[in-house]
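To keep things clear, I will list the structure first and then write my remarks on it.
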Amino acid sequence: MVLVIFVLLGAFYLGMYYSSVKYSREIALLVTQLDTKAANLVRCAPSPKDQTSTRKVEETLQTYTSKKLGLSFSYLQPKESQGQWVTEEANDTISIYYQHQSGIKTSSKFVQVFYKDAQQSLEAAIKEQLMQNFSAEDCTITTPSMSYNHAIYSPNNEYLVIRVVNQNENHEEFVKQLEKCPNTYTFSWKDNGYFVTDKMHQDRFAYVSLGQDSIFAYPDVSWDMTIRFLD
-19 MVLVIFVLLG AFYLGMYYSS VKYSREIALL VTQLDTKAAN LVRCAPSPKD QTSTRKVEET
41 LQTYTSKKLG LSFSYLQPKE SQGQWVTEEA NDTISIYYQH QSGIKTSSKF VQVFYKDAQQ
101 SLEAAIKEQL MQNFSAEDCT ITTPSMSYNH AIYSPNNEYL VIRVVNQNEN HEEFVKQLEK
161 CPNTYTFSWK DNGYFVTDKM HQDRFAYVSL GQDSIFAYPD VSWDMTIRFL D
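Residues in the sequence shown are numbered from -19 upward in steps of one, following the working numbering.
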């Protein structure tokens, strides 16, 4: 009887061993197949050189400079298109939008320049100039994630955003929350804008409105990454 039990146990563990070996081989084969597919995708992807040459043919780089506001930025202008990017400056704001041949304007973005004491922090300036009538229980100032669109932002700049506190996932409730914050300057689905100041020009800062799409200045570099404060 004991011998039978040992035989049965041996058969059981032997079966488990062969099953685990078979499973390990299947996993190894799957990993190899995935690695091969990934390598093929990399080989098929266009190189940055190819992307750059395509953009050079289709678009030209333009730079807008405002001596009055002490600010500049660049963007790619389509050579042959049904419209073009147009810039307009009024008071403390530079707007950039796409104007179709029909005259319709879409995809509007803007940069608004503010002035502050050079010794005042960016956060303190935002609170003083834009959040006097809003409660800290409803709105907060935070550091944004600046990694979207493969962005590499300048380490010489400081970036901040205004967000609603405890953002509600329900759209209608979120709209109500926005009404308790400086709407134009609060991060939302309508605009993922941000505030920026240059550590070399501490007497001013800007709010950059990005809207819901992007304008490129170089391949994988959006126009707002080219913003520079000038002396």
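Every residue gets a Cβ at the ideal spot worked out from N, C-alpha and C, and that includes glycine.
Using a Cβ-Cβ cut-off of 8 angstroms (strictly less than) and excluding sequence neighbours within five positions of residue i, which residues of its own chain qualify?
i, result
"ILE195", "TYR55, LEU56, TRP65, ILE76, SER87, LYS89, SER202, TRP203"
"PHE94", "ASP72, ALA105, GLN109, ARG184, PHE185, ALA186, TYR187"
"ASP211", "GLY50, HIS181"
"LEU41", "SER54, TYR55, LEU56, GLN57, ALA197, TYR198"
"LYS85", "VAL66, TYR77, TYR78, GLN79"
Alpha carbon to alpha carbon, how far is residue i from residue j?
i, j, result
"ASN172", "ILE142", "10 angstroms"
"CYS119", "ARG184", "23 angstroms"
"LYS107", "THR206", "26 angstroms"
"PHE154", "PHE209", "34 angstroms"
"GLU69", "THR166", "22 angstroms"
"VAL144", "ILE121", "9 angstroms"
"PRO162", "MET111", "7 angstroms"
"LYS47", "LYS96", "18 angstroms"
"GLU149", "THR164", "20 angstroms"
"SER82", "THR67", "17 angstroms"
Check whether the Cβ atoms of residue i and residue j lie closer than 8 angstroms to each other.
i, j, result
"LYS170", "GLN192", "yes"
"TYR187", "GLN100", "no"
"THR113", "VAL176", "The displayed chain sequence assigns Asn, not Thr, to residue 113. Not a contact, by the Cβ cut-off of 8 angstroms."
"THR123", "LEU140", "yes"
Give every residue of the same chain whose Cβ lies closer than 7 angstroms to the Cβ of residue i, excluding the five residues on either side of it in the sequence, and list them in chain order.
i, result
"LEU190", "LYS89, ASP171, ASN172, GLY173, ASP204"
"PRO58", "GLU38, GLU39, GLN64"
"SER168", "LEU158"
"PRO26", "Note that PRO26 has pLDDT 32, beneath the 50 cutoff, so the model's placement of it is unreliable and the number below is only indicative. Cβ neighbours of PRO26 beyond the five flanking positions: none."
What are the boundary residues of the beta strand (DSSP E) that residue i is part of?
i, result
"LYS107", "Run containing LYS107: none in the beta strand (DSSP E); it sits in the alpha helix (DSSP H), 102 to 110."
"GLU69", "63 to 70"
"LEU41", "39 to 46"
"LEU56", "51 to 58"
"LEU140", "137 to 144"
"ALA197", "196 to 198"
"ALA98", "It is not in any beta strand (DSSP E) - ALA98 carries neither H nor E in the DSSP assignment."
"THR164", "Here THR164 belongs to no beta strand (DSSP E), and DSSP marks it neither H nor E."
Could you pull out every residue in the same chain whose Cβ sits closer than 6 angstroms to the Cβ of residue i, ignoring the five residues on either side in sequence?
i, result
"ALA98", "GLN182, ASP183"
"LYS179", "ASN136"
Taking residue i as the reference, give the member of the options with the closest Cα.
i, options, result
"HIS80", "SER61, LYS107, CYS161", "SER61"
"ILE74", "VAL176, TYR44, VAL145", "TYR44"
"TYR198", "ILE121, PHE53, LEU49", "PHE53"
"ALA116", "LYS160, ARG208, GLY50", "LYS160"
Where does the unbroken alpha helix (DSSP H) through residue i begin, and where does it stop?
i, result
"GLN157", "151 to 158"
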